[in-house]
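Below is one structure, written out as structure tokens, with a few remarks after it.
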Amino acid sequence: MRFENFVCRKLPIVILTIGSLFYGCNKKQDSKTRTELARFENEVLTLEEIMVPKNLSQQDSIEFVKKQTNEWLIRQAYAKKAFENIDDKNQILERKIEEYKKTLYIHEYKQRLVDQKIDTIVSLRQIEDYYNKYGEEFRLTNPLVKAWVIMVPVSMPKLNQLMQYLNSNQESVIGDLKELCFSSARYYNFNDDWRPLHNLLNETSLTAQTINNDNIYKGKIFSVKRNEVELLIKINDYLKAGDKPPIESVSKQIKEIIIQKRKELFFNRLENELLQSVSEQNK
Numbered sequence: 002m003r004f005e006n007f008v009c010r011k012l013p014i015v016i017l018t019i020g021s022l023f024y025g026c027n028k029k030q031d032s033k034t035r036t037e038l039a040r041f042e043n044e045v046l047t048l049e050e051i052m053v054p055k056n057l058s059q060q061d062s063i064e065f066v067k068k069q070t071n072e073w074l075i076r077q078a079y080a081k082k083a084f085e086n087i088d089d090k091n092q093i094l095e096r097k098i099e100e101y102k103k104t105l106y107i108h109e110y111k112q113r114l115v116d117q118k119i120d121t122i123v124s125l126r127q128i129e130d131y132y133n134k135y136g137e138e139f140r141l142t143n144p145l146v147k148a149w150v151i152m153v154p155v156s157m158p159k160l161n162q163l164m165q166y167l168n169s170n171q172e173s174v175i176g177d178l179k180e181l182c183f184s185s186a187r188y189y190n191f192n193d194d195w196r197p198l199h200n201l202l203n204e205t206s207l208t209a210q211t212i213n214n215d216n217i218y219k220g221k222i223f224s225v226k227r228n229e230v231e232l233l234i235k236i237n238d239y240l241k242a243g244d245k246p247p248i249e250s251v252s253k254q255i256k257e258i259i260i261q262k263r264k265e266l267f268f269n270r271l272e273n274e275l276l277q278s279v280s281e282q283n284k
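Per the working numbering, the very first residue in the sequence shown carries number 2; after that it's consecutive.
Right under this line is the structure:
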């Protein structure tokens, strides 16, 4: 059987199957039912074997399954040709297969050990200790800001008072500022967490030419008028690229580093024990 003819005959059936399957994807399926997508001699590919990303549209899902099906068919055909043309007594190939098999088993065994033996809980204290000790190794690749964003009508009666509140560094006026915004602002965001500068630019639809490293600093207030609206941005804090990042922006990375170090320590000990055991057996 020629592979080219097989694929040409099979693909219309595959496409039809995929299309009809997604058409009825909302219907309740029997858990024992397997939807056959393609067949190559005694090998069968079913839809349940293909991991379709959840965020794809229906059409993109169909295209994804079609691509995976084609790749499976080609793989089966290549394998058939390989088995027909390569001596199954080929010692070099047999050694490679055996080594690959060992690699798969070792990988699976290590993963089980990780799941069973490695503590993946990292406390806040451990993250803080690591940050205090190695924090200088982390550097920001992009600027971070803490900023308030307020959008008010240019005709707002208490605009001058609002500006006075914004310019004040006294915490006692923050409540008054928020109360004024609640009653008169068209939009406000008092989230004071660190965030990338580009996130602020996206929120305000401003360009990097308006807010950049040359004109931004702690306490700076930007005022941009658009038609009947005035956009106000107060920079409460700022870190430029290359600065040491705040701990909250690298805590997830630090947690991953700590867990990875635990894995390395565990496997170093295990490998030393295995070497010692083998050495004693060979005495």
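For each residue, glycine too, the CB sits at the ideal point set by N, CA and C.
Check your understanding: For Asp194, which of Pro247, Ile255, Met52, Glu44 has the nearest alpha-carbon?
Key -> Position 193 of the sequence shown, counting from 1, holds the residue named residue 194. When Pro247, Ile255, Met52, Glu44 are compared, the shortest CA-CA separation from Asp194 is found for Pro247.
Check your understanding: For Glu265, which of Ile119, Phe41, Glu137 has the nearest alpha-carbon?
Key -> Locating residue 265 in the sequence shown gives position 264, counting from the first residue. Of all alpha-carbon atoms in Ile119, Phe41, Glu137, the one lying nearest the alpha-carbon of Glu265 is that of Ile119.
Point to revise | Where Lys219 falls, given that 16 or more other Cβ within 10 Å makes a residue buried | key: The residue given as residue 219 occupies position 218 in the sequence shown. Answer is exposed; the Cβ neighbour count stays below 16.
Check your understanding: Quick one: what does DSSP say Ser173 is sitting in, helix, strand or coil?
Key -> Taking the first residue of the sequence shown as 1, we reach residue 173 at position 172. Of the three classes helix, strand and coil, the one that applies to Ser173 here is helix, per DSSP.
Exercise for review: Check the DSSP bridge columns for Val230 and list the partner residues they point to.
Suggested key: Within the sequence shown, the letter at position 229 stands for residue 230. Val230 is bridged by DSSP to Pro154, Arg227.
Exercise for review: Give me whichever residues DSSP pairs with Leu240 in a beta bridge.
Suggested key: Along the sequence shown, read from residue 1 onward, the residue named residue 240 stands at position 239. According to DSSP, Leu240 bridges with Leu145.
Review point. With 16 as the cutoff for other CB atoms within 10 Å, does Thr70 come out buried or exposed?
Key: In the sequence shown, the residue the question calls residue 70 occupies position 69. A buried status is given to Thr70, since no fewer than 16 other beta-carbon atoms sit within 10 Å of its beta-carbon.
Exercise for review: Taking the CB atoms as reference points, tell me whether Leu207 and Val225 lie closer together than 8 Å.
Suggested key: To locate residue 207, count along the sequence shown from 1; it is residue 206. To locate residue 225, count along the sequence shown from 1; it is residue 224. Cβ distance < 8 Å, so Leu207 and Val225 count as in contact.
Check your understanding: Roughly how many angstroms lie between the CA atoms of Lys29 and Val45, to the nearest whole one?
Key -> Here residue 29 corresponds to residue number 28 of the sequence shown, with the count starting at 1. Here residue 45 corresponds to residue number 44 of the sequence shown, with the count starting at 1. Low confidence applies to Lys29: its pLDDT is 48, below 50, so where it sits in the model is not reliable enough to give any reading.
Review point. Can you give the Cα-Cα distance for Asn269 and Lys262, rounded to whole angstroms?
Key: Here the question's residue 269 lines up with position 268 in the sequence shown. Here the question's residue 262 lines up with position 261 in the sequence shown. The alpha-carbon atoms of Asn269 and Lys262 are separated by roughly 10 Å.
Check your understanding: Quick one: what's got a C-beta closer than 8 Å to Lys147's C-beta in the same chain, skipping five residues either side?
Key -> For the purposes of this step, residue 147 is identified with residue 146 of the sequence shown, where counting begins at 1. Around Lys147: Asp193, Asp194, Trp195, Arg196, Ile236, Asn237, Asp238, Tyr239.
Review point. Hey, quick one: how far does the beta strand (DSSP E) through Asp41 stretch, first residue to last?
Key: Locating residue 41 in the sequence shown gives position 40, counting from the first residue. Looking at the sequence itself, residue 41 is Phe, so the reference to Asp does not match. Its beta strand (DSSP E) spans residues 37-41.
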